[in-house]
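Participant:
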Amino acid sequence: MTLLDDFIVRAVLAGLGVALAAAPLGCFVVWRRMAYFGDATAHASILGVALALAFSVSPFLGALIVALAMATTVSVLSGRGFAIDTMLGVLAHSSLAFGLVAVSMLDGVRIDLMSYLFGDILAVGRADLLVIWGGAAAVIGLMLWRWQALLTATLSDELAWAAGIDPRREQMVLTLALALVVAVAIKVVGVLLIAAMLIIPAAAARPLSSTPETMAAIAAMVGGGAVLGGVQLALVLDSPTGPTIVCAAALLFAASVIVSLLRGRAADPR
Amino acid sequence: MSLMSMQGVSIRHGSFPALSNVDFAIEQGEIVTVVGPNGSGKSTLLRALIGAVKPYEGRITRQDAMRIGYVPQKLHIDPTLPMQVARFLALPGRVSSEARATALHRAGAADLGARPMAGLSGGQLQRVLLARAILHEPQLLLLDEPTQGLDQPGAAAFYRRIEDLRAEIGCAVLMVSHDLHVVMSASDRVICLNGHVCCEGHPESVASAPAYRALFGSGTGGALALYRHEHDHEHDAGCDHDHAHNPEAAE
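Keeping their order, the protein sequence lines are chains C and F.
Following full-length UniProt numbering, the numbering of the first sequence begins with 1 at its first residue and continues without gaps.
Following full-length UniProt numbering, the numbering of the second sequence begins with 1 at its first residue and continues without gaps.
#1: Would Leu51 (chain C) and Gly62 (chain C) be called neighbours here (beta carbons separated by less than 8 Å)?
#2: Please list the partners that Tyr70 (chain F) has in chain C, where partner means a Cβ-to-Cβ separation under 9 Å.
#3: Name the chain C residues that come within less than 8 Å of Ile50 (chain F), Cβ to Cβ?
#4: Could you pull out every residue in the same chain whose Cβ sits closer than 6 Å to the Cβ of Glu137 (chain F), ignoring the five residues on either side in sequence?
#5: For Gln28 (chain F), count the other beta carbons within 10 Å of its own beta carbon; 16 or more makes it buried, fewer makes it exposed. Which is it?
#6: Mind listing, in chain order, the continuous beta strand (DSSP E) runs of no fewer than 3 residues lying wholly within the stretch 29-72 of chain F?
#7: If the cut-off is 8 Å on Cβ atoms, which residues from the stretch 167-190 of chain C count as contacting chain F, listed in chain order?
#8: Report all residues from its chain with a CB closer than 7 Å to the CB of Ser208 (chain F); omit the five preceding and five following residues, and keep chain order.
#9: Three or more C-beta pairs under 8 Å: does that hold for the stretch 132-151 of chain F against the stretch 40-49 of chain F?
#10: Any beta carbon from chain F within less than 8 Å of Arg206 (chain C)'s own beta carbon?
#11: Thinking Ala186 (chain F) and Tyr227 (chain F) are a contact (beta carbons under 8 Å), I'd like their distance in whole angstroms, please.
#12: Taking a contact to mean a Cβ-Cβ separation below 8 Å, would you say Ala250 (chain C) touches Ile194 (chain C) in this structure?
#13: Sort C:Ala204, C:Trp161, C:Leu233 by Cα distance to Ala220 (chain C) and report the nearest one.
#14: Am I right that Pro203 (chain F) and Glu158 (chain C) are in contact with their C-beta atoms under 8 Å? What's the rounded C-beta distance?
#15: With DSSP run on the structure shown, which of helix, strand or coil describes His13 (chain F)?
#16: From Phe118 (chain C) to Ala136 (chain C), what does the alpha carbon distance come to, in whole angstroms?
#17: Would DSSP call Ser2 (chain F) helix, strand or coil?
#18: So with CB distances below 9 Å, who are the chain F contacts of Arg80 (chain C)?
#19: Give the range of the alpha helix (DSSP H) segment to which Ala90 (chain F) is assigned.
#20: In chain order, what residues of the same chain lie with their CB nearer than 7 Å to the CB of Leu13 (chain C), ignoring the 5 residues before and after it?
#21: Quick test of the definition: if touching needs 3 or more C-beta pairs under 8 Å, does the stretch 57-71 of chain F touch the stretch 125-137 of chain F?
#22: What residues in the stretch 87-107 of chain F bring their beta carbon closer than 7 Å to a beta carbon of chain C?
#23: Spell out a yes or no on whether the stretch 78-93 of chain F and the stretch 167-179 of chain C are touching, meaning 3 or more CB-CB pairs, one atom from each, closer than 8 Å.
#24: Consult DSSP for Val173 (chain C) and reduce its assignment to one of helix, strand or coil.
#25: For Ile245 (chain C) and Val189 (chain C), what's the separation of their Cα atoms in angstroms?
#26: Would you check if there are 3 or more beta carbon pairs closer than 8 Å linking the stretch 113-127 of chain C to the stretch 45-64 of chain F?
#27: With a Cβ-Cβ cutoff of 8 Å, do Met197 (chain C) and Arg206 (chain C) count as a contact?
#28: Using only the alpha-carbon positions, how far apart do Leu53 (chain C) and Asp85 (chain C) sit?
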C-alpha cells in the first residue's frame with residue numbers, strides 16, 4: 001500500500017469519505033431544517049474529545065458518545081414544546097464553551113486545540129482512515145436502508161404513521177447518523193466547520209435537482225469536488241486545509257446559484 | 001367483525017382530555033362522517049386510528065392486515081425538497097406505473113404525475129394526496145377535513161368523487177369535518193363528537209327542498225345534506241358549541 005504512504009492521498013481519501021457520508025445526511029438536515037441541530041451536535045463533540053483525552057480513550061469514541069447524547073437530548077426536548085432555536089443556542093454554545101474549558105484543564109496532555117476546532121486532515125493516519133471510512137460506510141448503509149421511510153417521515157409525521165412507520169424511530173436514525181458524521185469529520189474539517197460540510201453541498205445541489213435522489217448524488221459530487229479542490233488549493237496557498245475545503249464548497253455553491261439564476265432567466269425572459 | 005373499532009377509548013394531551021370514553025366502529029364499505037367544533041377531538045380520533053397517538057384508556061382494534069389510506073388535512077413540503085408527484089406516490093413503497101396511473105385517474109389528477117409537488121394548487125394537492133391514499137386499494141379511507149377551503153360546489157364535487165371511489169374500490173370511508181350541519185349526503189352515519197360522542201344519526205337528503213336549493217344553489221347536485229343533531233343529554237358549562245337545529249344555521 002505504497003499509495004497510502006503519501007499524506008496527500010490519505011487526506012483526500014479521508015475527505016472523500018466524509019463528503020460521501022455527509023451528502024445524504026446533509027440533504028435531510030436541509031429538508032428538515034435541522035441546520036442548527038447539526039451545529040449543536042458538532043459543537044458538543046469538543047467536550048467529548050476533552051473527556052476522551054482525560055480518560056485516555058479514543059477521541060473518536062468520546063466525540064461519538066457526547067454527540068449522540070447531545071443529539072438525543074435535543075430530539076427529546078424538541079418534542080416537549082421548548083423553543084427550539086433558543087434551546088439549541090444555549091446547548092450549542094455552552095457545550096462548546098464547556099469543551100474548551102475542559103480541554104484547557106487537561107494536565108500534561110499538550111493538545112493542539114486548533115486541530116480539533118478546524119481539523120487536521122494532513123495528519124490523517126492509516127488508522128484514522130479506517131475509522132473514517134468505517135463510520136462513513138455505516139452512515140451510508142443506514143441512509144440507504146431507511147431512505148424511503150426517512151423521506152416519508154420528513155414529508156409528514158401522519159403520512160408516516162398511516163404507512164406503519166414510526167417517525168420517532170426515523171428521527172433517531174438521523175440522530176445516530178449525525179453523531180457518526182460529526183465523530184468522523186472532526187479530523188477532517190474540525191468541529192466548527194462540520195455543519196458546513198453537511199449543508200453547503202446539499203444547498204448547492206438543490207437548484208440542480210428534481211428528485212431527492214439526484215439531490216443527494218449531486219451533493220456527494222459537490223462535497224467530493226470541494227475536497228479535491230480544497231486540498232489542492234490549500235497546498236498552493238499554504239492555507240489551513242479544513243477551512244479551504246469549506247471555501248471550495250462555498251464557491252461551488254455560488255456557481256450553482258449563478259447557473260440556476262441564468263437558467264431561470266433563459267426559461268422566463270422578462 | 002368491524003374493520004376498525006374503539007372501545008372506551010380516552011386520550012389525553014398532557015393533562016387535557018381530548019377524548020373521553022369513546023366507543024366507535026366502522027364496517028366494511030360504510031361511509032361515516034364525524035363532525036364537531038374545533039378542539040372536539042376529531043383529528044385526535046383520526047390520529048389514534050392511524051396509531052400516531054396511543055389511548056390512555058380503552059382499546060383500538062383493527063382487522064388483520066387491513067390497508068388504510070390516509071388523506072391529511074394539509075401537507076407542507078419544504079421548498080428545499082425536490083419532489084415530483086410520481087416520486088411522492090412511491091413513498092414509502094414503490095408502485096408500478098399502471099397502479100400509479102390508475103390512482104391518479106381515479107383521484108382526478110391524471111395529468112399531474114410529472115409535476116413538482118411545490119407548484120400544485122390547493123385543490124390539485126388534495127387530489128394528489130387522495131391518489132396516494134388509494135394507491136393500494138385500501139379497505140378504509142381516512143380523510144381529515146378534506147373540504148376545508150373548498151366552496152360548496154367544490155365540496156359537492158369532492159364528495160361525489162369519494163362516493164364513486166367507494167363504489168369502485170369498495171372501501172369504507174371515515175371523514176372528519178368541522179361543518180356541523182352540512183355533510184356528505186352519501187354518509188351512512190354521522191357522528192357528532194365533542195370530546196365524547198354527542199349524538200349519532202343519518203343525514204337528511206333534502207336536496208329537492210326549495211329552502212335547501214335557496215341555501216346551496218343547484219351546483220351541488222345533491223351531494224350535500226343536512227345533519228340534525230338529536231342530543232339526548234345536557235352539556236355542562238364547558239361545552240359551548242352551537243347546536244341550533246334549523247338549516248339556516250348551516251351557513
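From the three backbone atoms N, C-alpha and C, an ideal C-beta is built for every residue, glycine too.
These numbers come from a predicted model, not from an experiment.
Facilitator: Answer, in terms of the structure:
#1: Numbered from 1 along the first sequence, position 51 holds the residue referred to as residue 51 (chain C). Numbered from 1 along the first sequence, position 62 holds the residue referred to as residue 62 (chain C). Yes, these two residues count as a Cβ contact at 8 Å.
#2: Within the second sequence, numbered from 1, the residue matching residue 70 (chain F) stands at position 70. Within 9 Å Cβ-Cβ: Glu158, Leu159, Trp161, Ala162, Ala163.
#3: Taking the first residue of the second sequence as 1, we reach residue 50 (chain F) at position 50. Glu158, Trp161, Ala162, listed in chain order.
#4: If you number the second sequence from 1, residue 137 (chain F) lands on position 137. Excluding positions up to five away in sequence, the list reads Ile169.
#5: By one-based count along the second sequence, residue 28 (chain F) stands at place 28. Gln28 (chain F) comes out exposed.
#6: Along the length of the stretch 29-72 of chain F, whole beta strand (DSSP E) runs at least 3 residues long occupy 31-35, 57-62, 68-71, reported in chain order.
#7: The stretch 167-190 of chain C vs chain F, Cβ under 8 Å: nothing.
#8: In the second sequence, counting from the first residue as 1, residue 208 (chain F) sits at position 208. Unreliable positioning characterises Ser208 (chain F) in this predicted model, as indicated by a pLDDT of 49, which lies under 50. A coordinate reading is not provided.
#9: Short answer: they touch.
#10: In the first sequence, residue 206 (chain C) corresponds to position 206, counting from 1. It does; some Cβ of chain F falls within 8 Å.
#11: Translated into the one-based positions of the second sequence, residue 186 (chain F) becomes position 186. Translated into the one-based positions of the second sequence, residue 227 (chain F) becomes position 227. Not confirmed; about 13 Å, so no contact.
#12: If you number the first sequence from 1, residue 250 (chain C) lands on position 250. If you number the first sequence from 1, residue 194 (chain C) lands on position 194. Between Ala250 (chain C) and Ile194 (chain C), the CB-CB gap reaches or exceeds 8 Å.
#13: Residue 220 (chain C) sits at position 220 when you count from the first residue of the first sequence. For the options C:Ala204, C:Trp161, C:Leu233, the alpha carbon positioned closest to that of Ala220 (chain C) is the one of C:Ala204.
#14: Locating residue 203 (chain F) in the second sequence gives position 203, where the first residue counts as 1. Locating residue 158 (chain C) in the first sequence gives position 158, where the first residue counts as 1. Separation of the CB atoms of Pro203 (chain F) and Glu158 (chain C) is rounded to 27 Å, and the pair is thereby denied contact status at 8 Å.
#15: In the second sequence, the residue the question calls residue 13 (chain F) occupies position 13. Strand.
#16: Start at 1 with the first residue of the first sequence, and residue 118 (chain C) comes out as number 118. Start at 1 with the first residue of the first sequence, and residue 136 (chain C) comes out as number 136. Taking C-alpha positions only, Phe118 (chain C) is separated from Ala136 (chain C) by approximately 19 Å.
#17: Numbered from 1 along the second sequence, position 2 holds the residue referred to as residue 2 (chain F). Note: Ser2 (chain F) maps to coil in three-state DSSP.
#18: By one-based count along the first sequence, residue 80 (chain C) stands at place 80. Identification of chain F residues near Arg80 (chain C) by a Cβ-Cβ cut-off of 9 Å yields none; the smallest Cβ-Cβ distance measures about 10 Å.
#19: By 1-based counting over the second sequence, the position of residue 90 (chain F) is 90. For Ala90 (chain F), no alpha helix (DSSP H) segment is defined, and its DSSP state is neither H nor E.
#20: Locating residue 13 (chain C) in the first sequence gives position 13, where the first residue counts as 1. Cβ neighbours of Leu13 (chain C) beyond the five flanking positions: Leu129.
#21: Under the three-pair Cβ rule at 8 Å, the stretch 57-71 of chain F counts as touching the stretch 125-137 of chain F.
#22: When CB distances to chain C are screened at a threshold of 7 Å, the residues of the stretch 87-107 of chain F falling below it are Arg87, Leu91, Pro92, in chain order.
#23: Touching, no, given that fewer than three Cβ pairs across the two stretches are closer than 8 Å.
#24: Sequence index remark: in the first sequence, residue 173 (chain C) carries index 173 (1-based). In this structure, DSSP gives Val173 (chain C) a helical state, which the three-state scheme calls helix.
#25: Sequence index remark: in the first sequence, residue 245 (chain C) carries index 245 (1-based). Sequence index remark: in the first sequence, residue 189 (chain C) carries index 189 (1-based). Cα-Cα distance, rounded: 8 Å.
#26: Not touching, per the Cβ criterion.
#27: Against the first sequence, residue 197 (chain C) aligns to sequence position 197. Against the first sequence, residue 206 (chain C) aligns to sequence position 206. Not in contact: Met197 (chain C) and Arg206 (chain C) (Cβ atoms no closer than 8 Å).
#28: Residue numbering aside, residue 53 (chain C) sits at position 53 when the first sequence is read from its first letter. Residue numbering aside, residue 85 (chain C) sits at position 85 when the first sequence is read from its first letter. Distance between the alpha carbons of Leu53 (chain C) and Asp85 (chain C): 31 Å.
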